[in-house]
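If you count by our numbering, then the sequence shown holds residues 3 to 578, one letter each, in order.
Heads up, the beta-carbon is just placed ideally off N, CA and C, and yes, glycines get one too.
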Amino acid sequence: MNGALLLAVSCVLFYLAYHFYGRLVERVFGVDPVRQTPAHTLRDGVDYVPTQPAILFGHHFASIAGAGPIVGPVLAAQFGWVAVALWVVLGCILIGSVHDLAAMFLSIRHQGRSIGTVIESLMGYWGRMLFLFFCWFTLVLVVAEFLRIVAETFVEIPAVATASLLFIGLAVGFGRLVYRGGLSVLTGSLIFVPLTFACVYAGTLFPLDLVKLLGCDVAAARQLWTVVLLAYCFAASVLPVWLLLQPRDYLNSYLLYAMMALGFIGIFVARPALNLDAFTGWHAVSPLSGRSDPLIPLLFVTVACGACSGFHALVASGTTAKQVDNERHLRPVAYGGMLIEGVLAIIALVAVGVMSQAEYAAALKTQGAVKLFAGGVASFTDKLGLPHNAGIVFISLALAAFLMTTLDTATRLARFTWQELFLPRERPEGAPSAIAMPAPSASYAFVSNRYVATLVAVAAAGWLLLGGGAKSLWPVFASSNQLLAALTLLGCSLWLLRHKRPLALTLLPMLFMMATSGAAIITLFLRNARAWQAGGFKAGGVMTLTTGILIVMSVALIAMGAVSIRQTARHTEKEV
Numbered sequence: 003m004n005g006a007l008l009l010a011v012s013c014v015l016f017y018l019a020y021h022f023y024g025r026l027v028e029r030v031f032g033v034d035p036v037r038q039t040p041a042h043t044l045r046d047g048v049d050y051v052p053t054q055p056a057i058l059f060g061h062h063f064a065s066i067a068g069a070g071p072i073v074g075p076v077l078a079a080q081f082g083w084v085a086v087a088l089w090v091v092l093g094c095i096l097i098g099s100v101h102d103l104a105a106m107f108l109s110i111r112h113q114g115r116s117i118g119t120v121i122e123s124l125m126g127y128w129g130r131m132l133f134l135f136f137c138w139f140t141l142v143l144v145v146a147e148f149l150r151i152v153a154e155t156f157v158e159i160p161a162v163a164t165a166s167l168l169f170i171g172l173a174v175g176f177g178r179l180v181y182r183g184g185l186s187v188l189t190g191s192l193i194f195v196p197l198t199f200a201c202v203y204a205g206t207l208f209p210l211d212l213v214k215l216l217g218c219d220v221a222a223a224r225q226l227w228t229v230v231l232l233a234y235c236f237a238a239s240v241l242p243v244w245l246l247l248q249p250r251d252y253l254n255s256y257l258l259y260a261m262m263a264l265g266f267i268g269i270f271v272a273r274p275a276l277n278l279d280a281f282t283g284w285h286a287v288s289p290l291s292g293r294s295d296p297l298i299p300l301l302f303v304t305v306a307c308g309a310c311s312g313f314h315a316l317v318a319s320g321t322t323a324k325q326v327d328n329e330r331h332l333r334p335v336a337y338g339g340m341l342i343e344g345v346l347a348i349i350a351l352v353a354v355g356v357m358s359q360a361e362y363a364a365a366l367k368t369q370g371a372v373k374l375f376a377g378g379v380a381s382f383t384d385k386l387g388l389p390h391n392a393g394i395v396f397i398s399l400a401l402a403a404f405l406m407t408t409l410d411t412a413t414r415l416a417r418f419t420w421q422e423l424f425l426p427r428e429r430p431e432g433a434p435s436a437i438a439m440p441a442p443s444a445s446y447a448f449v450s451n452r453y454v455a456t457l458v459a460v461a462a463a464g465w466l467l468l469g470g471g472a473k474s475l476w477p478v479f480a481s482s483n484q485l486l487a488a489l490t491l492l493g494c495s496l497w498l499l500r501h502k503r504p505l506a507l508t509l510l511p512m513l514f515m516m517a518t519s520g521a522a523i524i525t526l527f528l529r530n531a532r533a534w535q536a537g538g539f540k541a542g543g544v545m546t547l548t549t550g551i552l553i554v555m556s557v558a559l560i561a562m563g564a565v566s567i568r569q570t571a572r573h574t575e576k577e578v
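And the structure:
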């Protein structure tokens, strides 16, 4: 099989899905271009800001397309390229893109609130609280793990640190000039996008190597970068979205576009043969752990963001929905954004698919997924005249930029989620306005303050890093991420049922995701319980307790959803 053919077929299917299936999803949910969005009705200049679709797409795509759609398919390649490609293409079209658009749509119809607040209108107050805590816990894990990865990357590749810091300064300048200085987006892009690429080059000329500059060891340099990144996360969360987060994501998106373009064109020029096994069986030995992993359900969890991701619902409903200028932008931003991420996942698969199964296993064990991807794409760009080493450096820098993008977005989302945890109960749908609802408590203004809410999230992530728990908890996130997508689809199905609209678009994907992600997290729980029993608490205790808590919360949310579906169905029958 030729890698170029696989990429071409995937792109054609994504194109057809966008124009036909995407429009069907719009009709089912009732997208209304005339209806005002929360970006206008609640405009505050901080979080609610009407945004041009090109900039919004850049922010949204850069936020969701971090390392996930690259690392996931590379790790899942242990099951064979056919299994991964089928899940990426079908998952993106039928599940992931629908999930993202539905989450963003429901958020817009609920004043730009997160999907957790939407859950309250469907499953009650305690359903909201459980769901929001599930989300907040997951986001803290994301922040902690990405902090660790970025800090290690800054130490290992100092050029990345220089470029990343320069990106921050550029973003602030772009935001001020465009939103406060009257500079047009086009003119600003013509000035700042080339400067963004210049920052990459500057990073290679002036690497910020703390080990050499301060004369400290690697561990001390890593800790110092961790503190700096924690401070950055705090600032990125509390500053107005137009000043740092949005322009940074927009400018960084061009790095991602360039990286994808190099990989895309390079694959069609090189036309590499796929030497990886097409299918390795229903069980595959993991090159990293040495364990025998079952294809079902671990394939679906491992690919993660490359096909469907619950984190996308938090981005779509937490930040992007507050910036949507018109509902007609939902399909290109949400549905289209997920499809483009699918293209990136296929590029990542082809990048490692050129190896034999034995070469892939050996390289993954020694180099890791990110370096393996960078080397694979660089081998394609050789055909374009770009030196191999230069290609690896550029791709590594681009990936580091997106790790930072996901990091600051996750911190802001954790702040939003914490604030919504302390909101009073929502007025039940259809309840008379004369019925008094609980007012915010006296302490609400303090605990929901954006500075306090951010500090709690940053402190929790910092504690996990100092305690060494973030790294061991990452596999839990991989499963909880997909489970979060299933729970989001459950909420979307309830909304469609209450509004008497067709259910199949979200109900069937919800059942599939619930079954696979539930089986995966139970598998993880049993593995770690056995490790705990054999080697003591340090061997698997933290993972066992964490997965156990997530399982209990998930079962409770599923039960609440089942009750809500039953009650809604009965109410609908009575009306008929």
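C-beta atoms of residue i and residue j nearer than 8 Å
i: Phe236; j: Leu468; result: no
i: Thr407; j: Gly171; result: no
i: Leu8; j: Val354; result: no
i: Phe266; j: Ile72; result: no
i: Val145; j: Leu425; result: no
i: Asp327; j: Gln54; result: yes
i: Val142; j: Ala459; result: yes
i: Val76; j: Ala380; result: no
i: Val213; j: Leu103; result: no
i: Gly493; j: Ile66; result: no
i: Gln484; j: Ala517; result: no
i: Arg414; j: Ala238; result: yes
i: Ile348; j: Ser12; result: yes
i: Ser311; j: Ala487; result: yes
i: Val51; j: Ala402; result: no
i: Ser109; j: Ser398; result: no
i: Val152; j: Leu405; result: yes
i: Ala350; j: Gly93; result: no
i: Met125; j: Met562; result: yes
i: Val90; j: Val240; result: no
i: Pro249; j: Gly344; result: no
i: Arg503; j: Val30; result: yes
i: Glu556; j: Val303; result: It should be noted that the sequence gives Ser, not Glu, for residue 556. No, the Cβ-Cβ distance between Ser556 and Val303 is not below 8 Å.
i: Val220; j: Val174; result: no
Reduced DSSP category for residue i - H, G, I as helix; E, B as strand; rest coil
i: His61; result: helix
i: Asn530; result: helix
i: Val287; result: strand
i: Ala436; result: Legend: pLDDT at Ala436 = 40, less than 50; position of this residue unreliable, no value from coordinates given.
i: Ala69; result: coil
i: Ala280; result: coil
i: Thr206; result: helix
i: Asn451; result: coil
i: Thr39; result: coil
i: Val565; result: helix
Local Cβ density within 10 Å of residue i, reported as buried at 16 or more and exposed below that
i: Lys367; result: exposed
i: Thr43; result: exposed
i: Ala436; result: Note that Ala436 scores a pLDDT of 40, beneath 50, so its modelled location is shaky; the value from the coordinates is reported in the next line. Result: exposed.
i: Ala506; result: exposed
i: Ser294; result: exposed
i: Thr321; result: buried
i: Arg150; result: buried
i: Leu498; result: buried
i: Gln421; result: buried
i: Pro196; result: exposed
i: Asn391; result: exposed
i: Asp251; result: buried
i: Tyr337; result: buried
Integer Cβ distance of residue i from residue j, believed to fall under 8 Å
i: Ile97; j: Tyr23; result: Contact flag wrong, Cβ pair sits at about 11 Å.
i: Ala286; j: Phe81; result: 5 Å
i: Ala654; j: Thr155; result: The structure shown does not extend to residue 654, since the chain is modelled only from 3 to 578, so the question has no answer here.
i: Val100; j: Pro511; result: 6 Å
i: Phe169; j: Cys201; result: 6 Å
i: Lys385; j: Val478; result: 41 Å between Cβ atoms; not a contact.
i: Pro274; j: Gly464; result: With a Cβ gap of about 43 Å, Pro274 and Gly464 do not count as contacting.
Cβ of residue i within 8 Å of any chain B Cβ
i: Gly68; result: In the structure shown, chain B does not exist; there is a single protein chain.
Complete alpha helix (DSSP H) runs within the stretch 292-377 (minimum length 4 residues, chain order): Fully enclosed alpha helix (DSSP H) runs of 4 or longer: 297-305, 312-320, 338-355 and 359-369.
Along the chain, which unbroken stretches of the alpha helix (DSSP H) at least 4 residues long are found entirely within the stretch 123-173? List check, alpha helix (DSSP H) in window: 127-158.
With a floor of 3 residues, list each beta strand (DSSP E) that falls wholly inside the stretch 487-531, ordered by position along the chain. Along the stretch 487-531, the beta strand (DSSP E) does not occur as any fully enclosed run of 3 or more residues.
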